[in-house]
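**Student:** Just so you know, we're using the working numbering here: the sequence shown kicks off at 1249 and counts up by one.
Sending over a structure as structure tokens; questions will come in a sec.
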Amino acid sequence: MVSGKLFGVGTGPGDPELLTLKAISAIASADVVAYFAKRGNPSNARAIVAEYLRPDHVEEALDYPVTTEIDRRENGYKMQIEAFYAEAADRIAIHLDAGRTVAVLSEGDPLFYGSYMHLHLRLAPLYDTEVIPGITAMSGCWSDAGLPLVQGDDILTILPGTLDRDELARRLGNTEGAVIMKLGRNLPKVRAALADAGRLNNAVYVERGTTAAGRSIALSDKRDDEAPYFSLILVPGWSARP
1249 MVSGKLFGVG
1259 TGPGDPELLT
1269 LKAISAIASA
1279 DVVAYFAKRG
1289 NPSNARAIVA
1299 EYLRPDHVEE
1309 ALDYPVTTEI
1319 DRRENGYKMQ
1329 IEAFYAEAAD
1339 RIAIHLDAGR
1349 TVAVLSEGDP
1359 LFYGSYMHLH
1369 LRLAPLYDTE
1379 VIPGITAMSG
1389 CWSDAGLPLV
1399 QGDDILTILP
1409 GTLDRDELAR
1419 RLGNTEGAVI
1429 MKLGRNLPKV
1439 RAALADAGRL
1449 NNAVYVERGT
1459 TAAGRSIALS
1469 DKRDDEAPYF
1479 SLILVPGWSA
1489 RP
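Below you can see the structure in the form of structure tokens.
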């Protein structure tokens, strides 16, 4: 029996009109559409592609066993999340072994902080696989904000907000432009690190970029520390602007 094909499909940052033609084509060719979500919550990736799903699509909801309930550095978190990815890969492999084509949806780009990559490492050596890139959250957000970030010889650094305050400040002090992702409950720490590095005044906060509920604001004007998962901070370089 010939095994099926695996697609890692980037769904982009949120606006369904930012799906690529190739992503739409992959979904159309798929027998199975799989997507990640927080347990008990709808999948954002599925919502982005909802108009392209058919009644005959088999759907595989891959619900994380934990998200922020346990610190990611604790053994309990690592054990649960590794077991989850292994089980998810096994579920996808059953379809591939049956000759079905599987499209695994990934918000943004599949190989940029995407959960899909954990399946890719397990399955790509064994099955025919194609990764379809998607517009990243940071690209969507700086476009939404109309914020030129870097040019010329500027260095751009992408930082997860989960880093310690001192490490964030150190790296912010050694770059021209920066994107800080994974905000959520990390926003107070990130704000403090930006102040430590002297970068707070030109930082821009963007949440739910490219969606109808999206907004951007100077971080110094944001008075609260509430930040949804789909939010990030942009710190522009290009100090010699005309």
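C-beta atoms are modelled at their ideal positions from N, C-alpha and C, and glycine is treated no differently.
Given the structure is predicted, the values throughout are model-derived calculations rather than measurements.
(1) Using 10 angstroms around the beta-carbon of I1428, count the other beta-carbons present and answer buried if the total reaches 16, otherwise exposed.
(2) In the structure shown, what three-state DSSP assignment does R1463 receive?
(3) My understanding is that Y1364 touches G1256, with C-beta atoms under 8 angstroms, so please give their C-beta distance in whole angstroms.
(4) Could you check where the beta strand (DSSP E) with G1388 kicks off and where it finishes?
(5) Considering only their Cβ atoms, is the gap separating Y1312 from I1272 smaller than 8 angstroms?
(6) List the residues that DSSP assigns as beta-bridge partners of F1255.
(7) Under 8 angstroms, do V1280 and V1350 count as touching if we go by C-beta distance?
(8) Could you check whether L1420 and R1447 sit closer than 8 angstroms to each other, using their CB atoms as the reference points?
(9) Going by beta-carbon coordinates alone, are V1480 and R1439 separated by less than 8 angstroms?
(10) Spell out the partners DSSP gives P1436 in its beta bridges.
(11) For D1444, which option in R1418, L1344, R1489, Y1453 has the closest C-alpha, if you only look at C-alpha atoms?
(12) Nearest by alpha-carbon distance to G1432: which of L1344, Y1453, L1371 is it?
(13) Could you check whether the region 1341-1360 touches the region 1371-1391, counting it as contact only if at least three pairs of C-beta atoms, one from each stretch, sit closer than 8 angstroms?
(14) So what does DSSP say about A1451, is it helix, strand or coil?
(15) Quick check on K1430: does DSSP put it in helix, strand or coil?
(16) What do you get for V1297, buried or exposed, if any count of 16 or more other CB atoms within 10 angstroms of its CB means buried?
(17) Could you tell me the alpha carbon to alpha carbon distance between P1396 and V1483, rounded to whole angstroms?
(18) By the DSSP assignment, the alpha helix (DSSP H) with L1369 in it spans what residues?
(19) Between the alpha carbons of D1472 and P1436, how many angstroms are there, rounded?
(20) Start and end of the alpha helix (DSSP H) containing V1483?
(21) Using 10 angstroms around the beta-carbon of E1455, count the other beta-carbons present and answer buried if the total reaches 16, otherwise exposed.
(22) Between which two residues does the beta strand (DSSP E) holding I1296 run?
(23) What is the rounded straight-line gap between the Cα of K1326 and the Cα of A1488?
(24) With a cut-off of 8 angstroms on the beta carbons, I'd call D1345 and S1251 a contact; round off their distance for me.
(25) Closest to G1362 by CA distance: which of N1292, D1469, S1464, K1270 is it?
**Tutor:** Based on what the coordinates show:
(1) Counting of Cβ neighbours within 10 angstroms places I1428 among the buried residues, the total reaching 16 or more.
(2) Correct three-state label for R1463: strand.
(3) So it is a contact: roughly 5 angstroms between Cβ atoms.
(4) No beta strand (DSSP E) contains G1388, which is instead part of the alpha helix (DSSP H) from 1385-1393.
(5) The beta carbons of I1272 and Y1312 sit no closer together than 8 angstroms.
(6) Beta-bridge analysis with DSSP links F1255 to A1351, E1378.
(7) Yes, they are a contact pair.
(8) The criterion of a C-beta distance shorter than 8 angstroms is satisfied by R1447 and L1420.
(9) Note that residue 1480 corresponds to Leu in the displayed sequence, not to Val. No, the pair does not count as a contact, with Cβ atoms beyond the cut-off.
(10) When beta bridges are read from the DSSP output, P1436 appears opposite no residue.
(11) Just measuring C-alpha positions, the residue of R1418, L1344, R1489, Y1453 sitting nearest D1444 is R1418.
(12) For the set L1344, Y1453, L1371, the Cα lying nearest the Cα of G1432 is the one of Y1453.
(13) Result yes; three or more Cβ-Cβ pairs closer than 8 angstroms.
(14) If DSSP states are grouped into helix, strand and coil, A1451 belongs with coil.
(15) Looking at K1430 - three-state DSSP - the assignment turns out to be coil, as it is neither helix nor strand.
(16) Buried: at least 16 other Cβ atoms inside 10 Å.
(17) Annotation: P1396 to V1483 spans about 10 angstroms, alpha carbon to alpha carbon.
(18) Bounds of the alpha helix (DSSP H) holding L1369 are 1364-1371.
(19) Going by the C-alpha atoms only, they are around 9 angstroms apart.
(20) Unbroken run through V1483 is the beta strand (DSSP E), 1479-1483; no alpha helix (DSSP H).
(21) Buried is the call here.
(22) Careful: I1296 lies outside any beta strand (DSSP E), inside the alpha helix (DSSP H) at 1292-1297.
(23) Taking the straight line joining both Cα atoms gives about 44 angstroms.
(24) With a contact defined as Cβ atoms closer than 8 angstroms, D1345 and S1251 qualify at about 6 angstroms.
(25) For the residues N1292, D1469, S1464, K1270, the minimum Cα distance to G1362 belongs to N1292.
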